[in-house]
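>
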Amino acid sequence: MFQTERYDAFLREIGGFVPRERIYTDHLRRLAWGTDAGFYRLVPQIVVRSQGEEEVARLLRAASRLQLPVTFRAAGTSLSGQAISDSILIVAGKNWENYEISPDGEQIRMQPGIVGQRVNELLKPYGRKFAPDPASVKSAMVGGIVMNNASGMNCGTHANSDKELLSVRVVLADGTRLDTGDGQSRAAFARSHPEFIRRIEALRDRVRADGVLAGRIRRKYAIKNVTGLNILPFVRFDDPFEIIAHLMVGSEGTLAFLSEVVMRTAYDYPSKASAMLYFGDIREACRAVVAMKKLVDEHGEWIVRGAELLDSKSLSAVGDPTGEGLTAVLTETMARTPEELHRNIKVIEAALAPFRTSVPVRFTDCPEEYAKYWAVRSGIFPSVGGTRPLGTTSLIEDVAFHIDDLPDATADLQELIARHGYDDACIYGHALEGNYHFIINQSFGTQAEVDRYEALMDDVVRLVVDKYDGSLKAEHGTGRNMAPFVRREWGDEAYALMKAVKELFDPGNLLNPGVIFNDDPKCHLRNFKPLPLTDPHVDRCIECGFCEVNCLTCGFTLSSRQRIVIRREISRLKQTGEDAARLAELEKGYRYPGNQTCAGDGLCSMSCPMGINTGELTHELRRGELPRGGAGWRAGDFAARHFAGVKSALRPVLTLADTAHAVLGTKAMSGLANGLHRLGVPLWTPAMPKAYRKRFGPATSPEVVPEPLRVVYFPSCINQTMGLARRSPVDVPLVDKMEALLRKAGCEVIYPRNMEKLCCGTIWESKGMPDIADRKVAELEEALWQASDGGRYPVLCDQSPCLHRMREKIGRMKLYEPAGFIWTFLRERLEFIPTGRPVAVHVTCSMRRMGLADTIVALAKLCSAHVFVPAQVGCCGFAGDRGFLRPEVNAYALRKLRPQLVREGIAVGYSNSRTCEIGLTTHAGIPYVSIAYLVDECTRAK
């Protein structure tokens, strides 16, 4: 059977049990889902968004029968080429998020698709945390963390996945399922696979009988090491099922599919302190690290929990002003009590006394202060990557040395990188574990650049392996990047052991072939990912995928990273002219998943190390579809110039819809609205408000006369036009309620002139008409400047997305949305009387981006003792008018909301964006209204 016929047969078979919408065969989605954070590119033939263990078992059985290779992928944050495939890619992400925590919080059972940071959020109430803490923990998923044995800054070798793992559920290549923590499953497997168990035991005994090999294994794993398969279990465990479970750790999907893992959790020390230590040279810094590594307390626990080295170029990249040519070591200690923490600091200071520090040693236990130190550490990668030449990529290599070799090895590594001409490279990382990352900005556009990279890697291998017997990969996985060097690092005996394990678990070599084991000595120099320029807003993207946790359409249509991947490929095809048909397919296929369903909310920028806002790319693409002078642009220009008339025309439409609702009832009206929406009409829902109009007169007087606070109140366009929904829990439109609240607090309310004509311009910006948007905000700025007496009085806008754009464009006045304004100006003017009922708060995208998320929550806590912020609900997906035009995006974004509200017994939710509140009300099962209503309900004038 030819290869194409086998894939066709596979599709026919799995089509019987996997819904079509979870099988991707079009080039656009295969390319999008086939991309990970590494610098290699393969495009899978088929992508399956898997759901459930039984489904995966059937997928693997089908692939095994047809001899088709399979690769598994979770978040796609891997760096070494281990999550890409040119065959079948099985994704285990958003459909794999179940978990179970033991009553004492000391164990957690997890599926592979739950994000590491989410695990920490779940464990926080228990005073526990997820022990592995890779830098990608806010984006990486448990499956990838465990299967790559990713560690991080504090967990080292003592608390990595291998040490904390208790049991696994796996699906083998032939579809067999095994739960190593379940007695019945173990017994069944022993009966069905006796030869498998016998061979595991034979390999164990072979290792135990070879003292040299066993000793080498212990030495290699005394430091971080993920080069090759994890063979430490043969030394650590007698039980074959324990060995099987721990062989999964670091196996990178080459042995089995991990469907569930049970792990111990770690104690989260409540008292912490950090210091940024500065040294004149890198050797002295490393000698100090070696000394700190030896410090232990009376419990036998390490006193220093983290020591992150930052070389002089790292410090320069982040703009550290301390001095030229210095090396820093960011040091952290933790304790159970403040007293114990103080003792730890004294011990560390004494240990550092013999060393020459460039500034005095000073620890701080103030979270606000030491958070700045760690922000510097986190800023290295984006700072270096953000300044790289466009068209190149930032590569993070990952090595480890034994701690006693650290001073000399570090200096040698620094010299080696400089010798190869990587003048902007920097070294940083987990010095306490002898684990360094070095960043190089690399182009693969010419053979000369490829040759330079090859020469660098060859010298790195000679230094790390031949000179210091270290680890070529400490925590980033072997992948394809280090596959050619596994035998060289480990030697023939250990490599043969790894090969024997691979052949036992995967005799057909169908699970992630080419990863860890690869017969091509140049495989690390092939299939480089192209990074063509596509748009200045996103050209700095390194495709790490950190943005995806904040992208509401990730898993629905395309994620922010995937949008950039497709736009780059479109640009590449335009530049090369190599495949006109594929170019046309991608451009047509991109419209709905890439453009029409992008909320443009900018939340992706908040988790992007480069601060890239993919929404700006979307706005730019929409601008290209509406060229100045074209019909669409002229319509937008007309609306801007006649805005008062547009708002007046909208009010009768809202009245008509409300009248129809009253006459037909909710069920019939919803059916009619759905039918009209299928014809292209914006979707009506029962949350749609009635029309509203306010006559804006002169300034209103305060209820409390002494010392009135003058405030300019600009009600947003939508709140000037829309009143209350038919089943609203409140009875006064927001503009009137806000005015009443301000007057209650003793404010004199001033309205800008020509209110009906004013707008911040957000609607035009989102449609791709930035010139019109800027014109409107300029008109608004002038009106607010006059109303505020040249900026003397604060300005309040009642819609947070509008306020966000106003702050971006208007810099000469103090601008506030409701929560920030009330917190800043009204909190001391009002007496708060908390309600006894629980309330939910939705923090809008614009509030997050303005840094006001904590403000609205804190304000709600003045009003209620039980304030609930639903987990895993970011952008609501309404996105201005997207909720009317593409309501499926709103529904997907809020899919996890209603069950949480039901569990908490909440009847009303609060936010500060009217459009968001419409979408939230539609999908939450409870009404959402402005936070101003809650504050008014729970306060009285002082």
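Residue numbers (numbering that gives the first Met the number 0): 0 to 941.
Idealized CB from N, CA, C, for every residue including glycine.
(1) How close, in whole Å, do the beta carbons of residue 1003 and residue 541 come, if the pair is a contact with beta carbons under 8 Å?
(2) Are the Cβ atoms of residue 30 and residue 46 separated by less than 7 Å?
(3) Taking buried to mean at least 16 other C-beta atoms within 10 Å of its own C-beta, is residue 162 buried or exposed?
(4) Return the CA-CA distance between residue 27 and residue 589, expressed in angstroms with no decimal places.
(5) Rounded to a whole number of angstroms, what is the C-alpha to C-alpha distance between residue 318 and residue 371?
(6) Would a C-beta distance cut-off of 7 Å place residue 251 and residue 146 closer than the cut-off?
(7) Using the C-alpha atoms, what's the distance from residue 448 back to residue 571?
(8) Does the pairing of the segment 298-308 with the segment 431-440 give three or more beta-carbon distances under 8 Å?
(9) Based on the DSSP output, what are the partners of residue 746 in its beta bridges?
(10) Pick from 574, 272, 97 and 629: whose alpha carbon is nearest that of residue 261?
(11) Looking at C-alpha atoms only, which residue of 52, 40, 117 and 337 is the closest neighbour of residue 86?
(12) Using only the alpha-carbon positions, how far apart do residue 326 and residue 310 sit?
(13) Which class does residue 132 belong to by DSSP, given the choice of helix, strand or coil?
(14) Find the nearest neighbour of residue 472 within the set 78, 23 and 939, judged by alpha-carbon distance.
(15) My understanding is that residue 242 touches residue 256, with C-beta atoms under 8 Å, so please give their C-beta distance in whole angstroms.
(16) For residue 373, which of helix, strand or coil comes out of DSSP?
(17) Residue 755 and residue 656: beta carbons closer than 7 Å?
(18) Any idea which residues DSSP pairs residue 22 with across the strands?
(19) My output table needs one value for residue 101: the three-state DSSP class, helix, strand or coil.
(20) Please classify residue 130: is it buried, with 16 or more other beta-carbons within 10 angstroms of its beta-carbon, or exposed?
(21) Using a Cβ-Cβ cutoff of less than 7 Å, which residues in the same chain neighbour residue 548 once the five nearest sequence positions on both sides are dropped?
(22) Look at the alpha carbon of residue 246 and the alpha carbon of residue 805, and state the distance between them as a whole number of angstroms.
(23) For the segment 592-604 against the segment 50-67, do three or more pairs of beta-carbon atoms, one drawn from each stretch, fall closer than 8 Å, so that the two count as touching?
(24) On a CA-only basis, which of 745, 855 and 937 is nearest residue 836? Give me that one, please.
(25) According to DSSP, which residues form a beta bridge with residue 106?
(26) Taking buried to mean at least 16 other C-beta atoms within 10 Å of its own C-beta, is residue 191 buried or exposed?
(27) Would you report the Cα separation of residue 865 and residue 840, rounded to the nearest angstrom?
(28) Taking its Cβ as the centre, do 16 or more other Cβ atoms sit within 10 Å of residue 532, making it buried, or is it exposed?
(29) Which word fits residue 753, buried or exposed, when buried means at least 16 other C-beta atoms lie within 10 angstroms of its C-beta?
(30) What separation, rounded to the nearest whole angstrom, lies between the Cα atoms of residue 295 and residue 616?
(31) So residue 495 is in the alpha helix (DSSP H); what residue range does that whole segment cover?
(32) Have a look at residue 340 and residue 332 and give me their C-alpha separation to the nearest angstrom.
(33) Pick helix, strand or coil for residue 178, following the three-state DSSP scheme.
(34) Please indicate yes or no: does the CB of residue 588 lie closer than 6 Å to some heavy atom of the ligand NAP?
(35) For residue 720, which residues does DSSP report across the bridge?
(36) Can you check DSSP and say which residues form a bridge with residue 690?
Let's see:
(1) Residue coverage of the chain in this structure runs from 0 to 941, which leaves residue 1003 outside it and unanswerable.
(2) Indexing the sequence shown from 1 puts residue 30 at position 31. Indexing the sequence shown from 1 puts residue 46 at position 47. Cβ atoms of residue 30 and residue 46: not closer than 7 Å.
(3) What you label residue 162 is simply residue 163 of the sequence shown in a count that begins at 1. It counts as buried.
(4) In the sequence shown, the residue the question calls residue 27 occupies position 28. In the sequence shown, the residue the question calls residue 589 occupies position 590. Answer to the nearest angstrom: the Cα atoms are 8 Å apart.
(5) Against the sequence shown, residue 318 aligns to sequence position 319. Against the sequence shown, residue 371 aligns to sequence position 372. Computed Cα separation, rounded: 13 Å.
(6) For the purposes of this step, residue 251 is taken as residue 252 along the sequence shown, with counting starting at 1. For the purposes of this step, residue 146 is taken as residue 147 along the sequence shown, with counting starting at 1. Closer than 7 Å, so yes.
(7) Taking the first residue of the sequence shown as 1, we reach residue 571 at position 572. Taking the first residue of the sequence shown as 1, we reach residue 448 at position 449. When rounded, the distance between both Cα atoms is 20 Å.
(8) yes
(9) On the sequence shown, residue 746 is found 747 positions in, with the first residue counted as 1. Residue 746 is bridged to 708.
(10) Looking up residue 261 in the sequence shown gives position 262. The residue with the shortest Cα to Cα distance from residue 261 is 97.
(11) Locating residue 86 in the sequence shown gives position 87, counting from the first residue. Checked all of 52, 40, 117 and 337; the closest Cα to residue 86 is 40.
(12) Mapped onto the sequence shown, residue 326 falls at position 327. Mapped onto the sequence shown, residue 310 falls at position 311. Computed Cα separation, rounded: 5 Å.
(13) Your numbering for residue 132 matches position 133 in the sequence shown. Residue 132: strand per DSSP, three-state reduction.
(14) By one-based count along the sequence shown, residue 472 stands at place 473. Closest option to residue 472, Cα to Cα, is 78.
(15) Here residue 242 is taken as the residue at index 243 of the sequence shown, counted from 1. Here residue 256 is taken as the residue at index 257 of the sequence shown, counted from 1. The Cβ separation is near 18 Å, so there is no contact.
(16) The residue given as residue 373 occupies position 374 in the sequence shown. Helix at residue 373.
(17) Walking along the sequence shown from the start, residue 755 turns up at place 756. Walking along the sequence shown from the start, residue 656 turns up at place 657. Result no, Cβ atoms of residue 755 and residue 656 do not sit closer than 7 Å.
(18) In the sequence shown, the residue the question calls residue 22 occupies position 23. According to DSSP, residue 22 bridges with 47.
(19) Here residue 101 corresponds to residue number 102 of the sequence shown, with the count starting at 1. If DSSP states are grouped into helix, strand and coil, residue 101 belongs with coil.
(20) In the sequence shown, counting from the first residue as 1, residue 130 sits at position 131. Looking at its Cβ environment, which holds 16 or more other Cβ atoms inside 10 Å, residue 130 is buried.
(21) Reading the sequence shown from its first residue, position 549 is the one you call residue 548. 114, 137, 138 and 606.
(22) The residue given as residue 246 occupies position 247 in the sequence shown. The residue given as residue 805 occupies position 806 in the sequence shown. About 55 Å.
(23) no
(24) In the sequence shown, residue 836 corresponds to position 837, counting from 1. The shortest C-alpha separation from residue 836 is found at 937.
(25) Here residue 106 refers to the residue found at position 107 of the sequence shown. The partner list for residue 106 (beta bridge, DSSP) reads 263.
(26) Position 192 of the sequence shown, counted from the start, is the residue given in the question as residue 191. Per the 10 Å Cβ criterion, exposed.
(27) Here residue 865 is taken as the residue at index 866 of the sequence shown, counted from 1. Here residue 840 is taken as the residue at index 841 of the sequence shown, counted from 1. Taking the straight line from one Cα to the other gives about 11 Å.
(28) Within the sequence shown, the letter at position 533 stands for residue 532. By the neighbour-count rule (16 or more Cβ atoms within 10 Å), residue 532 is not buried but exposed.
(29) Translated into positions along the sequence shown, residue 753 becomes position 754. The residue in question, residue 753, is exposed, as its Cβ has fewer than 16 Cβ neighbours within 10 Å.
(30) Your numbering for residue 295 matches position 296 in the sequence shown. Your numbering for residue 616 matches position 617 in the sequence shown. Approximately 52 Å, taken between the alpha carbons.
(31) By 1-based counting over the sequence shown, the position of residue 495 is 496. Run containing residue 495: 491-504, per the alpha helix (DSSP H) assignment.
(32) Walking along the sequence shown from the start, residue 340 turns up at place 341. Walking along the sequence shown from the start, residue 332 turns up at place 333. Cα-Cα distance, rounded: 7 Å.
(33) Translated into the one-based positions of the sequence shown, residue 178 becomes position 179. Three-state result, residue 178: strand.
(34) This structure does not include the ligand NAP; it has no bound ligands of any sort.
(35) As a working mapping, residue 720 is identified with position 721 in the sequence shown. Beta-bridge pairing links residue 720 to no other residue.
(36) Mapped onto the sequence shown, residue 690 falls at position 691. Its beta-bridge partners are 721.
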